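J.:
Protein chains: 2
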Amino acid sequence: MKKIVIVGLGLIGGSLALALKGFEDYTVVGVARRQTTVDYALSHGVGDDATLDTEGAIRDADVTFLCINPDDIVTFLARHRDGFKPGSLVTDVCGVKTAIMAGAEVLPGTVDFIGSHPMAGTEFSGIEHALHDMFHGAHYIITPRAGSRKENIALLERMAHYIGCRDVVNTTPEAHDAIIAYTSQMMHVIAASVCDDPSLFTCKGYEGSSFRGCTRVAALDVALWAQLFSLNAPALVDCLDVLLENMKKYRDVIASGDRGKLTEMLLYSSDRKRKMDLPGPDLLH
Amino acid sequence: MKKIVIVGLGLIGGSLALALKGFEDYTVVGVARRQTTVDYALSHGVGDDATLDTEGAIRDADVTFLCINPDDIVTFLARHRDGFKPGSLVTDVCGVKTAIMAGAEVLPGTVDFIGSHPMAGTEFSGIEHALHDMFHGAHYIITPRAGSRKENIALLERMAHYIGCRDVVNTTPEAHDAIIAYTSQMMHVIAASVCDDPSLFTCKGYEGSSFRGCTRVAALDVALWAQLFSLNAPALVDCLDVLLENMKKYRDVIASGDRGKLTEMLLYSSDRKRKMDLPGPDLLH
Numbered sequence: 000m001k002k003i004v005i006v007g008l009g010l011i012g013g014s015l016a017l018a019l020k021g022f023e024d025y026t027v028v029g030v031a032r033r034q035t036t037v038d039y040a041l042s043h044g045v046g047d048d049a050t051l052d053t054e055g056a057i058r059d060a061d062v063t064f065l066c067i068n069p070d071d072i073v074t075f076l077a078r079h080r081d082g083f084k085p086g087s088l089v090t091d092v093c094g095v096k097t098a099i100m101a102g103a104e105v106l107p108g109t110v111d112f113i114g115s116h117p118m119a120g121t122e123f124s125g126i127e128h129a130l131h132d133m134f135h136g137a138h139y140i141i142t143p144r145a146g147s148r149k150e151n152i153a154l155l156e157r158m159a160h161y162i163g164c165r166d167v168v169n170t171t172p173e174a175h176d177a178i179i180a181y182t183s184q185m186m187h188v189i190a191a192s193v194c195d196d197p198s199l200f201t202c203k204g205y206e207g208s209s210f211r212g213c214t215r216v217a218a219l220d221v222a223l224w225a226q227l228f229s230l231n232a233p234a235l236v237d238c239l240d241v242l243l244e245n246m247k248k249y250r251d252v253i254a255s256g257d258r259g260k261l262t263e264m265l266l267y268s269s270d271r272k273r274k275m276d277l278p279g280p281d282l283l284h
Numbered sequence: 000m001k002k003i004v005i006v007g008l009g010l011i012g013g014s015l016a017l018a019l020k021g022f023e024d025y026t027v028v029g030v031a032r033r034q035t036t037v038d039y040a041l042s043h044g045v046g047d048d049a050t051l052d053t054e055g056a057i058r059d060a061d062v063t064f065l066c067i068n069p070d071d072i073v074t075f076l077a078r079h080r081d082g083f084k085p086g087s088l089v090t091d092v093c094g095v096k097t098a099i100m101a102g103a104e105v106l107p108g109t110v111d112f113i114g115s116h117p118m119a120g121t122e123f124s125g126i127e128h129a130l131h132d133m134f135h136g137a138h139y140i141i142t143p144r145a146g147s148r149k150e151n152i153a154l155l156e157r158m159a160h161y162i163g164c165r166d167v168v169n170t171t172p173e174a175h176d177a178i179i180a181y182t183s184q185m186m187h188v189i190a191a192s193v194c195d196d197p198s199l200f201t202c203k204g205y206e207g208s209s210f211r212g213c214t215r216v217a218a219l220d221v222a223l224w225a226q227l228f229s230l231n232a233p234a235l236v237d238c239l240d241v242l243l244e245n246m247k248k249y250r251d252v253i254a255s256g257d258r259g260k261l262t263e264m265l266l267y268s269s270d271r272k273r274k275m276d277l278p279g280p281d282l283l284h
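Chains as they are written, first to last, in numbering that gives the first Met the number 0: chain Y, 0 to 284; chain U, 0 to 284.
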């Protein structure tokens, strides 16, 4: 049997360990920092095996997934740079890619590091909230390096499909971070900001699906998201500036009482959203 | 049989006609402006009957639901003030209440008008998107008048439970509008503003559930939402000013690179969201 090692059995690592079980001729081994997590994984079948022994696990891993916080990934790569099996694939699951790919520069040429970002998650943390179907329908983004081996990219694609992802999107770390600032990080800033309103606790009984949809992710993992925001600060600040400006325009037109102009703006925005949701050009003929 | 008349067979009126079928000893009759809508309702069982004849329908309705746009409700009440059955209950389903309750002042004392706002909906419009389970789990808000009859409030409550609502919340039009500006209207302004970002169309393949959750409602019914925003402009502008300020604070701390302060802010916001989602004090002992 070949071996997949998952370092970090939190929400995403745990879900990956559940979802990857039975993949081809691989056994799935989770690595945790606490015995209670190892015990939980073993008793709940999160992966095929679990251990506290990081060095021992990665030494003969054919694939290593780093499912820890971004700062910890960079530290881990530096500390274990010579501890990975030569010829193996190392990847991660984290929501920023430029900082991670830079951190992976410490690895020897015998180890193939390809960045991964499966776009899935919930507002919960920890192995007890892991879900075997966490990745169903999600995009799986990869950021290979110039020297990444084709067979490793193909292996990641097979794993992504096995865990239920909708597609695999291949891009650069810089392009990833620029667009993720908009599609993911900014959504978390919006949700947190909405919850800072003094009215929050009086709104029970008056909330509908739009409120729940917007604010769900405000109950975020603080350490993780502080790192993600910080490691992608310039792109995130740019997006927020655009949003603040666009929202201010709505605020001003609503305050002005100009219904004609408001209607025009809503036609523009709603039309963009409908176009965005249309199937692509290849599906339209 | 007693008669419930639903004026306006759009998304909400159509869903209500589906959901109210079989309620006690009432027959459900839909009123539409177009023959195609009447035909659709008749052939798809949206209500027990459907007609173009507004006057005839409301003349012997025991309950009339006005499921049309807010401006049209005010016009309808003025035009048909003497057309409702004496002793009957008239209500609506619209997302602002102060303007509607003011419009209802034209009615004679023999007609009991109670405002309703079932907090449900989707981003689609029209009878063909109506759902029999649209109201499952939703809050049903009512704004009775000082003279509203107890038996009519009780009747509304029975109907709300019959269509699957989670609870019935009784409040004033002013309180409703102040909090709805925050929980509902502002969510639509956020969604529209996010979709105005030039990056929208390049984000395909990079969006996750947080993006879908936040932007879903941007594909809104423009005429309806332009009216809702305008009729509740002062409250909505106040909420937007608070949001703009809170979001600007996040923007500034992310730009500053002060991770300690960012962490502190995220702890505050995420803690509020978790507290908000906790069961109430009566469930915690």
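Ideal Cβ placement from N, Cα and C applies to all residues, glycine included. What you are looking at is a predicted structure, and each value in this text was computed from that prediction instead of being measured.
Residues of the region 185–200 of chain U with a CB closer than 7 angstroms to any CB of chain Y: list them in chain order, please.
T.: Of all residues in the region 185–200 of chain U, the ones placed with a Cβ closer than 7 angstroms to any Cβ belonging to chain Y are Met186, His187, Val188, Ile189, Ala191, Ser192, Val193, Cys194, Asp195, Asp196, Ser198, Leu199, Phe200, in chain order.
J.: At the level of alpha carbons, what is the spacing between Gly12 of chain U and Val221 of chain U?
T.: Rounded to the nearest angstrom, the two C-alpha atoms are 17 angstroms apart.
J.: Counting only beta-carbon separations shorter than 8 angstroms, does Lys272 of chain U have a partner in chain Y?
T.: yes
J.: Does the Cβ-Cβ distance between Thr121 of chain U and His131 of chain U come in under 8 angstroms?
T.: No.
J.: Run through DSSP, which three-state label would Asn68 of chain U get?
T.: Note: Asn68 of chain U maps to coil in three-state DSSP.
J.: Reducing DSSP to helix, strand and coil, say where Phe75 of chain U ends up.
T.: Of the three classes helix, strand and coil, the one that applies to Phe75 of chain U here is helix, per DSSP.
J.: List the DSSP bridge partners of Tyr25 of chain Y.
T.: Answer is Y:Lys1.
J.: Could you check if Ala298 of chain Y is buried or exposed, using at least 16 other CB atoms within 10 Å of its CB as the buried criterion?
T.: Coverage of chain Y is limited to positions 0 through 284, which leaves residue 298 of chain Y absent and any answer about it impossible.
J.: If we count Cβ pairs, one from each stretch, closer than 8 angstroms, do we get three or more for the region 244–255 of chain Y versus the region 148–161 of chain U?
T.: no
J.: Take Ala225 of chain Y and list the residues in its own chain whose beta-carbon comes closer than 8 angstroms to its own, dropping the five residues that flank it on each side.
T.: none
J.: Using the C-alpha atoms, what's the distance from Tyr249 of chain Y back to Phe200 of chain U?
T.: 21 angstroms
J.: Tell me the rounded alpha-carbon separation between Leu265 of chain Y and Asp195 of chain U.
T.: Taking the straight line from one Cα to the other gives about 10 angstroms.
J.: Which whole runs of the alpha helix (DSSP H) in the region 181–243 of chain U are 4 residues long or more, in chain order?
T.: Look at the region 181–243 of chain U and you find these whole runs of alpha helix (DSSP H), each 4 residues long or longer: 185–194, 208–214, 221–230.
J.: With a 10 Å radius around its C-beta and 16 neighbouring C-beta atoms as the bar for buried, classify Asp91 of chain U as buried or exposed.
T.: buried
J.: Could you check if Gly125 of chain Y is buried or exposed, using at least 16 other CB atoms within 10 Å of its CB as the buried criterion?
T.: That one is exposed.
J.: Would a check of beta-carbon distances place Ser269 of chain U closer than 8 angstroms to chain Y?
T.: Cβ-Cβ to chain Y under 8 angstroms: yes for Ser269 of chain U.
J.: Are the beta-carbon atoms of Ala232 of chain U and Ile253 of chain Y separated by less than 8 angstroms?
T.: yes
J.: Look up His135 of chain U in the DSSP assignment and say whether it is helix, strand or coil.
T.: coil
J.: Checking contacts by CB at 8 angstroms: is Met133 of chain U closer than that to chain A?
T.: Of the protein chains in this structure, namely Y and U, none is chain A.
J.: For Gln184 of chain Y, tell me which candidate among Y:Asp237, Y:Val167, Y:Cys202 has the shortest Cα-Cα distance.
T.: Y:Asp237
J.: Is the CB of Asp91 of chain U under 8 angstroms away from at least one CB in chain Y?
T.: Asp91 of chain U does not count as touching chain Y.
J.: Report yes if the C-beta distance between Ala60 of chain Y and Val105 of chain Y is below 8 angstroms; otherwise report no.
T.: no
J.: Measure from the alpha carbon of Ala145 of chain Y to the alpha carbon of each residue in Y:Asp176, Y:Pro117, Y:Ile113, then state which is nearest.
T.: Y:Ile113
J.: Does the beta-carbon distance from Leu230 of chain Y to Val95 of chain Y come in below 8 angstroms?
T.: yes
J.: So Tyr161 of chain Y contacts chain U; which residues on that side make the cut at Cβ distance below 7 angstroms?
T.: The contacting residues do not exist; Tyr161 of chain Y stays about 19 angstroms from chain U at best.
J.: Please report the distance separating the alpha-carbon of Met275 of chain U from that of Pro69 of chain Y.
T.: 29 angstroms
J.: Starting from Gly102 of chain Y, trace the alpha helix (DSSP H) both ways and give me its first and last residue.
T.: Its alpha helix (DSSP H) spans residues 97–102.
J.: Give me whichever residues DSSP pairs with Phe112 of chain U in a beta bridge.
T.: U:Val89
J.: What whole-angstrom Cβ distance do Leu65 of chain Y and Gly7 of chain Y have, given they're in contact under 8 angstroms?
T.: 7 angstroms
J.: Quick check on this structure: which residue in U:Val167, U:Asp24, U:Ser115 has the alpha carbon closest to the alpha carbon of His138 of chain U?
T.: U:Val167
J.: Figure out for me which residue from U:Pro172, U:Ala103, U:Gly256, U:Leu41 has the closest Cα to the Cα of Lys20 of chain U.
T.: U:Leu41
J.: Where does Thr50 of chain Y sit, in a helix, a strand or coil, going by DSSP?
T.: strand
J.: Do you know offhand how far Met133 of chain Y's Cα is from His116 of chain Y's?
T.: Each residue's Cα considered, the two are about 13 angstroms apart.
J.: Which partner residues of Thr63 of chain U appear in the DSSP bridge assignment?
T.: Beta-bridge partners of Thr63 of chain U (DSSP): U:Val4, U:Val89.
J.: For Lys2 of chain Y, which residues of its own chain have a beta-carbon under 7 angstroms away from its beta-carbon, when the five flanking residues on both sides are left out?
T.: Tyr25, Thr26, Val28, Asp59, Ala60, Asp61
J.: Straight-line CA distance for Val45 of chain Y to Ala18 of chain Y?
T.: 9 angstroms
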